[in-house]
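Quick note: the sequence shown uses this note's numbering, first residue 10, plus one each step.
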Amino acid sequence: MGRNKRKNKALAKTGTLFAVVVLALASIGLSHAYINDTLWMHGTITTCSLGSISGYVWFDANGDAIMDAEEIGIKEYIVTLYDSLSQTVGENTDNTGYYGFSGLPPDSYSLEIIVIDPYHPTTSITIPVTLGLGEAITDQNFGLNIDPNDITPGGDCRSPGFWKTNLRKLLGHQHGTPQVSEENMIEYCNTVYTLFYDGVFGSTDPATGGDGLSLQEALDIILSGEASGAPMADKLRRQLMAGELDYVSDDYQADDNELFGNIIWYCEYILTNGITGEYETWKDVLDSYWV
């Protein structure tokens with residue numbers, strides 16, 4: 010009995026607080042108010058279910074404004090939600106490019122992203138959303154692409170020559186002390202395989218054989234791209250191997266390593282899909298990162 014009395018008092022306090030808020034908002038001409046699961050709209054008080062809005066910010070590699078299965082999300086990108094009173098809340102995308110806003114009352118909302126160079130939108134950067142009672146609205150997606158002419162390289166990325174020399178020394182093909190330990194190099198190769206071959210691209214690169222990336226295989230990829238008369242695909246793959254090792258390393262990353270990772274991913278995408286007209290352009294982009 011005592012517990013019920015305390016509960017009733019708490020509810021009475023909540024109701025009193027809500028009534029005070031409603032009267033205050035009504036006095037300044039606002040049309041609705043919301044506390045916990047209680048909604049006041051145009052003079053009517055009701056209990057309502059909470060809703061949610063979610064979606065992705067993704068790297069639209071082919072620029073068609075459709076999020077294809079093989080395209081990846083962009084992490085740590087801010088999506089801002091506005092309600093009908095212009096109140097805002099921001100949410101960062103997670104590692105898959107996903108964002109979500111939950112606990113939302115019914116209202117007319119707007120989603121927005123701010124596009125920063127070198128990204129360019131392939132979809133609208135604002136999305137209006139009308140959310141009903143308890144409704145879960147998904148797939149409110151924002152597509153971005155990269156213009157290679159807008160990229161400003163920077164950081165401590167190392168060239169294919171650097172990685173070739175270290176791999177040769179570790180494999181006993183060249184005398185001298187490597188700058189990268191065998192333990193770290195094995196870890197880097199395993200991470201490269203997981204991220205770029207066994208993950209998004211499903212071991213499509215025949216150079217890996219679909220069974221991991223050994224030190225010798227990493228070296229072979231670099232060597233094949235520097236041979237006289239090597240196809241442009243092999244030249245790009247050579248640059249990519251160095252870029253991937255840079256990306257996963259502790260000491261040789263780009264200043265904006267997330268952007269650099271998306272550049273690498275896009276290069277893998279054009280290789281996997283045989284978009285030959287872009288090979289040289291993106292090989293040159295990777296070239297510009299080497300110190």
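The beta-carbon is built from N, C-alpha and C at its ideal position, and this holds for glycine as well.
Shortest alpha-carbon distance to residue 202 belongs to which of 74, 250, 244, 241?
Here residue 202 is taken as the residue at index 193 of the sequence shown, counted from 1. The shortest C-alpha separation from residue 202 is found at 250.
My output table needs one value for residue 35: the three-state DSSP class, helix, strand or coil.
For this step, residue 35 is matched to residue 26 along the sequence shown. Its pLDDT being 45, under 50, residue 35 is placed unreliably by the model, and the measurement read from it follows with that caveat. Correct three-state label for residue 35: helix.
Only counting the same chain, and skipping five residues up and downstream in sequence, which positions put a Cβ closer than 7 Å to that of residue 256?
Locating residue 256 in the sequence shown gives position 247, counting from the first residue. So the list reads 262, 266, 269, 270, 273, once near-sequence residues are dropped.
For residue 161, tell me which candidate among 246, 276, 284, 264 has the shortest Cα-Cα distance.
On the sequence shown, residue 161 is found 152 positions in, with the first residue counted as 1. Checked all of 246, 276, 284, 264; the closest Cα to residue 161 is 264.
Of all the beta strand (DSSP E) runs that stay within the bounds of the segment 119-169, which reach a length of 3 or more residues?
128-130, 135-140, 151-155
Report yes or no: do the segment 58-73 and the segment 114-128 share at least 3 C-beta pairs separated by less than 8 Å?
yes
Check whether residue 90 and residue 120 have beta carbons under 7 Å apart
Residue numbering aside, residue 90 sits at position 81 when the sequence shown is read from its first letter. Residue numbering aside, residue 120 sits at position 111 when the sequence shown is read from its first letter. For the pair residue 90 and residue 120, the CB atoms are nearer than the 7 Å cut-off.
For a minimum of 4 consecutive residues, which ranges assigned as the alpha helix (DSSP H) are wholly contained in the segment 236-265?
If we require 4 residues or more, the alpha helix (DSSP H) runs fully inside the segment 236-265 come out as 241-257.
Considering only DSSP beta bridges, list what residue 100 is partnered with.
Residue 100 sits at position 91 when you count from the first residue of the sequence shown. Partner(s): 88.
Which residue comes first and which comes last in the beta strand (DSSP E) that contains residue 113?
As a first step, residue 113 must be located in the sequence shown, where it is residue number 104. Note, residue 113: beta strand (DSSP E), 107-113.
Assigned exposure category for residue 38 - 16 Cβ within 10 Å defines buried
On the sequence shown, residue 38 is found 29 positions in, with the first residue counted as 1. Unreliable placement is indicated for residue 38, whose pLDDT of 45 sits below 50; the coordinate value is still reported in the next sentence. Exposed, since its Cβ has fewer than 16 Cβ neighbours within 10 Å.
With three or more beta-carbon pairs closer than 8 Å as the criterion, would you say the segment 164-182 touches the segment 142-153?
no
Just checking my contact of residue 223 with residue 198 at CB under 8 Å: how many whole Å lie between their CB atoms?
Taking the first residue of the sequence shown as 1, we reach residue 223 at position 214. Taking the first residue of the sequence shown as 1, we reach residue 198 at position 189. With 8 Å as the limit, residue 223 and residue 198 qualify as a contact, their Cβ atoms being about 7 Å apart.
Looking only at its chain, what residues have a beta carbon closer than 6 Å to the beta carbon of residue 292, apart from the 5 residues adjacent to it on each side?
As a position in the sequence shown, residue 292 is number 283, starting the count at 1. The answer, listed in chain order, is 244, 245, 248.
As a quick exercise: from 124, 110, 175, pick the residue whose alpha carbon is nearest that of residue 143.
Along the sequence shown, one-based indexing puts residue 143 at 134. Closest option to residue 143, Cα to Cα, is 110.
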